[in-house]
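Number of protein chains: 2
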Amino acid sequence: METTHLNNRIAYKNLKALSKQIDSKKFQLKNLINEKRRFKSCSIKSKGFFFDYSKQRINEAVFLELVSLAKETQAKLQFRNMMQGKRVNLTENRAALHTATRHFGSKKIFPEGIDVYDLIDQVNIQIKQFSKNIHNQILKGSTGKPFTDAVIIGIGGSYLGCEFVYTALKDTVKPFMSLHFLPNVDIDNFGRVIKTINPETTLWVIVSKSYTTTETMANLNQALWYMKKYNLNPENHLVTVTAKGSPGDDPSNPVLAAFRMFDFIGGRYSVSSAVGGLPLSLAFGFDIFTQFLKGCHDMDTHALDASEEKNIPLLAALISIWNSNFLMYPAQAIIPYCSALSKLAPHVQQLYMESLGKGVTKDGEVVHFPTGVLIFGEPGTNAQHSFFQLAHQGRPFPIEFIGVVCPNYDKEQAMSKGVSNHQELWANMIAQAKALAIGKESTEPSRCFKGNRPSSTILINDLSPESIGRLLAFYEARTVYEGFVLGINPFDQFGVELGKVTASDIREQIALKNKDAGHNFNSLDPATKFYLNALFNKELYMK
Amino acid sequence: METTHLNNRIAYKNLKALSKQIDSKKFQLKNLINEKRRFKSCSIKSKGFFFDYSKQRINEAVFLELVSLAKETQAKLQFRNMMQGKRVNLTENRAALHTATRHFGSKKIFPEGIDVYDLIDQVNIQIKQFSKNIHNQILKGSTGKPFTDAVIIGIGGSYLGCEFVYTALKDTVKPFMSLHFLPNVDIDNFGRVIKTINPETTLWVIVSKSYTTTETMANLNQALWYMKKYNLNPENHLVTVTAKGSPGDDPSNPVLAAFRMFDFIGGRYSVSSAVGGLPLSLAFGFDIFTQFLKGCHDMDTHALDASEEKNIPLLAALISIWNSNFLMYPAQAIIPYCSALSKLAPHVQQLYMESLGKGVTKDGEVVHFPTGVLIFGEPGTNAQHSFFQLAHQGRPFPIEFIGVVCPNYDKEQAMSKGVSNHQELWANMIAQAKALAIGKESTEPSRCFKGNRPSSTILINDLSPESIGRLLAFYEARTVYEGFVLGINPFDQFGVELGKVTASDIREQIALKNKDAGHNFNSLDPATKFYLNALFNKELYMK
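Residue numbers (the numbering used here), protein chains in the order written: chain Z, 22 to 564; chain R, 22 to 564.
Here it is in structure tokens:
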């Protein structure tokens, strides 16, 4: 990545020089992992979170330079500044205080003179009380029936993280209520949701900081129409999570309850705020949400306090930089050997790609190299039977394997080939990392494995709320650390603006035609004209 | 891709030369799309399938050379040979006859003297009768209750395509039965499935050609244990889809029904065989499955008959080759603006990455360049709020947008900003392709959009079985065409072998320890030893 911020760093220059040796024998993974004490020196355990980077293509010299780069760029100081409420989101001139939502016993902070912890505690007290009232049936639907389901209307950061945590925990904790997610403006998304709910026992939770997000507003209107159809009062069924003063924070549109969002917490970092807190408390109870926050806090504390050499999210960020900026890997896969973590990759995909896919540094300097890698993934062993052919013999990409020490359903397991299902799962996870690293020679070219494919392995203890909190906060900390070292602002997202503006122009054309059937699209470019004509003349198009 | 197969082609050399001009002004998308008749000349409609490649970074010269490359490599002849049952899977010395499963009125073929259509018709007659007997409650569970659910035990190609079609159709057609997929050996995958079914009314469908796939056998054992627990007879609840002579085809283990798989159809191409046919017929009835096959057949016929210049899957394959081998894009996203198509990307991920991620050509020559691109995707507009920041301002990647002209749930739509939800969805789909191509200049670097991001747009008519069949067969044909032009065998997968062998060694160690608690792992490498000790001493590890 060619930027002044990086190119002037001594460590960056040294890393460039080291990367020129990457094809030498000593950098081959099959040799690296045979080094004495390699595994011990390249693995860290902290607060129930284990990280093994022994199968990454780095030697001690690279490790030391990466650590130096973190020190030169003052990564830890930037992290501390973030947690203290300094305005680290420079382009939007805001703090980034997602860590404040899980502040357990930390010393109070007063950014801009505001007692942020107190603000957050107030919202959490409200969530606790409200979810209790729902579970105890003190609050009921407008026909007097208790609530059984909640539909979360919100898109992107307003649901992805929450969906990940809900999916991860729903077999660990028996839910009080089922959650359904309605992010997409696709009318079939709405159609699918209403097939599975009872209107009288459904709570609608509208999550939007600005309360202007097009998709969310369209689905809100759809929900209001639906309640009207069943003669239900939105005052008994509608809940908002939004910023103070937004159009959703309007007493003339009374709702059952309103929960506050803050401008110092961005969507993709908002799982531990009311955005995740309200739905997760509705589903599992506030106590479970608190345990989840405790896990996040564990990881925050580690990310803040651990030295560069032993700091798990910081090292993961540095390794990611080595892989993308020096070894030129364009992508990274996240492969949890755990079905319950199936929504982790989509969450991290947003968190990471929206945070780090930028055209400029935080100082406004244009970056002359693609930023951000592509994140994708599916649970293992499924992924082995899907795209691992390419991982082994086609285009290589680094992988993060994730293992869960204790599965939920551990008691009644049939044995196959002398092992239980959970043991089989682990045998595969261990084997894949090893096989990708070492490879195998063969005289038959089609059975030849070059190896030298890097990976890390993460272990979490179980699928408890604490463990899931640690995992979530690990990816948050890793992402911001990568931004801090690269000199990129991981908190803004100006890149989504152009699409919105362009969609708005096209929407206007559609609205005109809806009003006046005589309106035509002749002034538009041929492609847009064609698509809009297809949209308005479906039968004709399909002939 | 440096191979004799390609480097000696005149068209390949010409394309190399043309790609050197790619940074010139005339190749900028904002200029290309303004060319007269661009949209008309770069879009094709055939049998209810529309393909627009006007926003790809190709001009007429590139187009002509790509077509020449297809002719030089005899892509269409290879496709015809495939459909005729020639042994196009060279390394495994087999035919690849997935198209034979939807042969509607085609002239009979007799590869190796065998009447393949007749073989397939026999299986389909059996599927038709069996699913009818289930729906008519002629066949019932061992306690006399009719079946309500089917659990599909199979991994990779044995379920991904079927899951895609099931998810796409389940709001179009009211299912007779619910399908559940149990691919992962993860015991929590099993735990999650049994939470949602009634053992007495559940059919278990075991899908495995070899009937030795480790995960599938482990889950079969788990299912057998579960039936025993509830005193249910596997003879009334178990169904197999497997090859003749496999361990599953054993009369001493009687099952309710057995359906045959053929060695001339590979897993990832097997949706239209019994692998998809049985579950989809159980879910929706055999008539719906037949309509789906009809859609596949439409696309097969087009792929076989249309000239190179107007052949949709072949052109899509050639564009993919241009993007990966000449413009060096390492990835491609599939973004259906349709929630019901949410499982398309995971299916194509397997289909494409397992088919084309190879280390050798079909002639056994080592390839000196990474093969296969990374496929990933989420439905739009969700993806816009997830990773499109990176698409617009970070690392660029080509995108395939997919639109559905008629949604399922089209009647009752609230209006927002003067448009319906479905219109809003389309406004966004059209806008994103346009914004990515054109970009936008700005004096503020953070609001600058370079544009020049390529995409194609596909339209299907609706979510009918025919339309989904066409979409499925399009990706199949595109994938094999890409293999044929590149000279890669898209039908084998030797790259998954090493992981299996390594896992087997580790499994053996675990089994030894299960038998004899005194067994230790001291002879193993430090990483493997550590993970196995964690697995066997969970409490100690978690301390």
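No residue lacks a Cβ here, since even glycine has one placed at the ideal position from N, Cα and C.
* To do: Please name the residue in R/452, R/411, R/507 whose C-alpha comes closest to that of residue 515 of chain Z.
  => Closest option to residue 515 of chain Z, Cα to Cα, is R/411.
* Is residue 122 of chain Z closer than 7 Å to residue 104 of chain Z when the C-beta atoms are compared? -> No, the pair does not count as a contact, with Cβ atoms beyond the cut-off.
* Asked: For residue 356 of chain R versus residue 425 of chain R, is the C-beta spacing smaller than 7 Å?
  -> Contact: no.
* Can you tell me whether residue 268 of chain R is buried or exposed, with buried defined as 16 or more other CB within 10 angstroms of its CB? -> Only exposed fits residue 268 of chain R, as fewer than 16 other CB atoms lie within 10 angstroms of its CB.
* Please confirm whether residue 489 of chain R and residue 304 of chain R have their CB atoms less than 7 Å apart. => No; because the gap between Cβ atoms is not below 7 Å, this pair is not in contact.
* To do: Output the distance between the C-alpha atoms of residue 279 of chain R and residue 148 of chain R, rounded to the nearest integer angstrom.
  => If you take the alpha carbons of residue 279 of chain R and residue 148 of chain R, they lie about 10 Å apart.
* Taking only beta-carbon atoms, is residue 531 of chain R less than 7 Å away from chain Z? -> Closer than 7 Å to some Cβ of chain Z, the Cβ of residue 531 of chain R qualifies, so yes.
* Asked: Would you say residue 393 of chain Z faces chain R, with C-beta separation under 7 Å as the test?
  -> The beta-carbon of residue 393 of chain Z is placed less than 7 Å from the nearest beta-carbon of chain R.
* Contact list for residue 12 of chain Z against chain R, beta-carbon separation under 8 Å -> What is shown of chain Z runs 22 to 564, which leaves residue 12 of chain Z out entirely.
* Asked: On the three-pair Cβ rule with 8 Å, is the stretch 45-63 of chain R touching the stretch 356-369 of chain R?
  -> In short, these stretches do not touch, since the Cβ pair count stays below three.
* To do: Using beta-carbon positions only, say whether residue 27 of chain R and residue 33 of chain R come within less than 7 Å of one another.
  => The answer is yes: Cβ separation under 7 Å.
* To do: Given a cut-off of 7 Å, decide if residue 187 of chain R and residue 200 of chain R are closer than it, judged by their beta-carbon atoms.
  => Yes.
* Asked: Does the beta carbon of residue 305 of chain Z fall short of 6 Å from some heavy atom of the ligand NAP?
  -> Summarising the ligand content, the structure contains no ligands, and the ligand NAP is consequently not present.
* Supposed contact pair residue 347 of chain Z and residue 92 of chain Z - C-beta distance, whole angstroms, cut 8 Å -> No, residue 92 of chain Z and residue 347 of chain Z are not in contact; Cβ-Cβ is about 18 Å, not under 8 Å.
* To do: With 9 Å as the C-beta to C-beta threshold (strictly closer), list the residues of the stretch 497-524 of chain R near chain Z in chain order.
  => So the list reads 510, 513, 514, 515, 516, 517, 518, 519, 520, 521, 522, 523, 524, given in the order they occur along the chain.
* Out of curiosity, what's the CA-to-CA distance linking residue 259 of chain R and residue 277 of chain R? -> Looking at the two C-alpha atoms, the distance is approximately 6 Å.
* Measuring alpha carbon to alpha carbon, tell me which of Z/31, Z/62, Z/57 ends up nearest residue 331 of chain Z. => Residue Z/62 holds the alpha-carbon nearest to the alpha-carbon of residue 331 of chain Z among Z/31, Z/62, Z/57.
* To do: Quick one: which residues of the stretch 420-441 of chain Z get their C-beta closer than 9 Å to a C-beta of chain R? List them in chain order.
  => Listed by position, the residues of the stretch 420-441 of chain Z near chain R (Cβ gap below 9 Å) are 424, 425, 426, 427, 428, 429, 430, 431, 433, 434, 435, 436, 437, 438, 439, 440, 441.
* Determine the direct distance from the alpha carbon of residue 501 of chain R to that of residue 327 of chain R, and round the result to whole angstroms. => Approximately 16 Å between the Cα atoms of the pair.
* Local conformation of residue 450 of chain Z per DSSP, three classes -> Three-state result, residue 450 of chain Z: helix.
* Could you give the distance in angstroms between the alpha-carbon of residue 296 of chain Z and the alpha-carbon of residue 239 of chain Z? -> If I take the Cα positions, the gap works out to 19 Å.
* Does residue 351 of chain R have its Cβ less than 7 Å from a Cβ in chain Z? -> Judged by the 7 Å Cβ criterion, residue 351 of chain R is in contact with chain Z.
* To do: Return no unless some Cβ of chain R is closer than 7 Å to the Cβ of residue 26 of chain Z.
  => No, no contact with chain R.
* Are the C-beta of residue 316 of chain R and some C-beta of chain Z separated by less than 7 Å? -> Closer than 7 Å: no.
* To do: Would you please state the rounded distance, in angstroms, between the beta carbons of residue 448 of chain R and residue 527 of chain Z? I believe it to be under 8 Å.
  => Residue 527 of chain Z and residue 448 of chain R do touch by the CB rule: their CB atoms are close to 4 Å apart, below 8 Å.
* Nonlocal neighbours in the same chain, by C-beta distance under 7 Å from residue 292 of chain Z, ignoring five residues either side -> Leaving aside the five residues that flank residue 292 of chain Z on each side, the residues in its chain whose CB is nearer than 7 Å to its CB run, in chain order, 182, 183, 186, 493.
* Asked: Whose C-beta lies closer than 6 Å to the C-beta of residue 315 of chain Z among residues of the same chain, with five residues either side of it excluded?
  -> For residue 315 of chain Z, where only same-chain residues beyond five positions count, the Cβ hits under 6 Å are 487.
* Asked: In chain R, which residues lie less than 9 Å from residue 589 of chain Z when you measure between Cβ atoms?
  -> In the structure displayed, chain Z extends from 22 to 564; residue 589 of chain Z sits before or after that span and is not available.
* To do: Identify every residue that forms a DSSP beta bridge with residue 274 of chain R.
  => Answer by DSSP bridge pairing: none, since residue 274 of chain R is not bridged.
* Asked: Nearest to residue 162 of chain R by alpha carbon, out of R/375, R/475, R/257?
  -> Comparing alpha carbon positions, the residue from R/375, R/475, R/257 closest to residue 162 of chain R is R/257.
* chain R contact for residue 207 of chain Z (CB, 7 Å cutoff) -> Proximity of residue 207 of chain Z to chain R, defined by a Cβ-Cβ separation below 7 Å, is satisfied.
* **residue 46 of chain Z in three-state terms, based on DSSP** => In the structure shown, residue 46 of chain Z sits in a helix (DSSP, three-state: H, G or I).
* Indicate whether residue 446 of chain Z and residue 206 of chain R have their beta-carbon atoms separated by less than 7 Å. => Yes, they are a contact pair.
* Start and end of the beta strand (DSSP E) containing residue 200 of chain R? -> Note, residue 200 of chain R: beta strand (DSSP E), 199-203.
* Minimum length 4: unbroken alpha helix (DSSP H) runs contained in the stretch 348-409 of chain R -> For the stretch 348-409 of chain R, whole alpha helix (DSSP H) runs of length 4 or above, ordered along the chain, are 365-377.
* Would residue 78 of chain Z be called buried (16 or more neighbouring beta carbons within 10 Å of its own) or exposed? -> By the neighbour-count rule (16 or more Cβ atoms within 10 Å), residue 78 of chain Z is buried.
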